[in-house]
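What follows is a short report on a single structure.
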Amino acid sequence: MVRIRVLVVDDHRIFAESLAAALAAEPDVEVAAAGSGPAALRCLERAAAEGRRFDVMLVDADLGVASAVPPARGMAVARSVPEGGEEGLVDGISLVAAVRSHQPAVRSVVLAQKDDVRRAALALQAGASGWVAKDCSLQRLLAVIRGVLRDETHLAPALLTGVLREMTAARKHRTDSERLVESLTPREQEVLRCMVAGLGRKAVAERLFLSPHTVRTHMQNVLGKLGVHSTLAAVALARRAGVGPADLGELAGDVVERGGQLA
């Protein structure tokens with residue numbers, strides 16, 4: 005018999021253990037439980053290293069909502085937390101994104117106390133295969149678990165229209181942001197990436213071998229073309245467009261290869 009390996013992630017220990025026990029009563033289901041995002045990431049890493057990867061992760065929508073950790077740093081957070089030590093929190097949706105990035109074969113299903121169109125859309129965008137009510141029946145949950153392994157997406161009918169609207173709007177915002185970023189010159193895009201990396205004017209000037217006055221002009225041009233009034237707003241728009249932080253060593257080397265041009 006092929007067994008389905010399920011990881012239950014919920015910081016309410018009684019709920020996590022009760023759900024794990026109920027699922028484990030099924031002859032074809034093997035279950036483990038974790039009480040936090042870092043603990044779940046450690047469990048997934050350990051299982052992968054031992055050649056027994058999990059198939060499905062059930063994660064609480066409200067897991068660690070008070071202190072989110074960016075998805076890209078999720079696995080690093082897990083490695084940095086010692087066994088039995090103080091753990092940082094990883095919120096449920098960030099955990100889904102981290103697992104999607106590092107272990108894409110694991111299907112994630114978010115368990116929610118209540119319907120929330122916006123968060124359900126965010127969960128699906130992060131890579132979740134379903135958003136399911138916590139008070140659903142065990143048989144319904146088992147059907148979802150088996151369904152996502154067939155590449156199905158599970159969402160309550162009442163949420164479907166709202167979630168599709170949210171995801172369509174998010175794609176439009178991203179498209180609009182991408183169009184604005186594409187209007188920048190190559191040098192302005194380099195400056196924007198430095199801004200995303202958190203560099204101030206002086207640091208950008210040093211990295212790109214430009215004068216502070218030239219950098220100031222480029223930054224003003226970036227804000228004007230993006231239609232924003234602050235560096236923070238420019239960075240937020242850049243991230244929506246998928247612009248990552250500058251690879252600072254690469255940028256500096258690139259300028260040197262071009263003969264140290266100042267503009």
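Numbering (the working numbering), first residue to last: 5 to 267.
Think of the CB as a built atom: it goes at the ideal place given N, C-alpha and C, for glycine as much as any other residue.
What number of angstroms, rounded off, separates the C-alpha of residue i from the C-alpha of residue j?
{"i": "L203", "j": "E210", "result": "10 Å"}
{"i": "V33", "j": "T179", "result": "42 Å"}
{"i": "R197", "j": "G55", "result": "39 Å"}
{"i": "V60", "j": "I8", "result": "8 Å"}
{"i": "A70", "j": "S215", "result": "The predicted model places A70 with a pLDDT of 43, which falls under 50 and marks its position as unreliable; any figure quoted below should be read in that light. Cα-Cα distance, rounded: 42 Å."}
{"i": "D14", "j": "R46", "result": "15 Å"}
{"i": "E104", "j": "H217", "result": "The sequence shown places Arg at residue 104, not Glu. Computed Cα separation, rounded: 43 Å."}
{"i": "A37", "j": "S98", "result": "18 Å"}
{"i": "E21", "j": "D139", "result": "15 Å"}
{"i": "A237", "j": "G231", "result": "9 Å"}
{"i": "Q143", "j": "A53", "result": "31 Å"}
{"i": "H158", "j": "L128", "result": "10 Å"}
{"i": "P108", "j": "F58", "result": "11 Å"}
{"i": "A130", "j": "K206", "result": "36 Å"}
{"i": "E261", "j": "R183", "result": "Annotation note: pLDDT 36 at E261 (below 50); position unreliable, no value reported."}
{"i": "A43", "j": "G68", "result": "12 Å"}
{"i": "L153", "j": "Q193", "result": "41 Å"}
{"i": "L23", "j": "D66", "result": "16 Å"}
{"i": "D155", "j": "V148", "result": "10 Å"}
{"i": "L266", "j": "T189", "result": "Note on L266: pLDDT 34, under 50, position unreliable in the model; no value is reported."}
{"i": "S141", "j": "L27", "result": "11 Å"}
{"i": "L168", "j": "G151", "result": "20 Å"}
{"i": "V73", "j": "R123", "result": "Confidence is the limiting factor: at V73 the pLDDT is only 37, short of 50, which leaves the residue's position unreliable and the question unanswerable from this model."}
{"i": "L164", "j": "F19", "result": "27 Å"}
Do residue i and residue j have their C-beta atoms within less than 8 Å of each other?
{"i": "V110", "j": "L62", "result": "no"}
{"i": "V200", "j": "V247", "result": "yes"}
{"i": "S273", "j": "K229", "result": "It is not possible to answer for residue 273, since the shown part of the chain is limited to 5 through 267."}
{"i": "E49", "j": "L146", "result": "no"}
{"i": "R17", "j": "G39", "result": "yes"}
{"i": "V35", "j": "V12", "result": "yes"}
{"i": "P112", "j": "A125", "result": "It is worth fixing the name first, because residue 112 is Ser in this sequence and not Pro. No, these two residues do not count as a Cβ contact at 8 Å."}
{"i": "H233", "j": "L227", "result": "yes"}
Report the partner residues of residue i according to the DSSP bridge assignment.
{"i": "I18", "result": "Answer by DSSP bridge pairing: none, since I18 is not bridged."}
{"i": "L62", "result": "V12 and V113"}
{"i": "A38", "result": "V13"}
{"i": "V33", "result": "I8"}
Less than 8 Å between the CB atoms is what I'm expecting for residue i and residue j, so what's the real figure, rounded?
{"i": "V114", "j": "G134", "result": "7 Å"}
{"i": "G96", "j": "D64", "result": "6 Å"}
{"i": "V239", "j": "V219", "result": "Not really, about 16 Å apart at Cβ, beyond 8 Å."}
{"i": "A245", "j": "V185", "result": "5 Å"}
{"i": "V116", "j": "A137", "result": "Note on identity: in this sequence residue 116 is Ala, with Val being the wrong assignment. At roughly 6 Å, the Cβ-Cβ gap stays under 8 Å, so A116 and A137 are in contact."}
{"i": "H222", "j": "R191", "result": "6 Å"}
Going along the chain, which unbroken runs of the beta strand (DSSP E) with 3 or more residues stay wholly within the segment 109–170?
111–116 and 134–137
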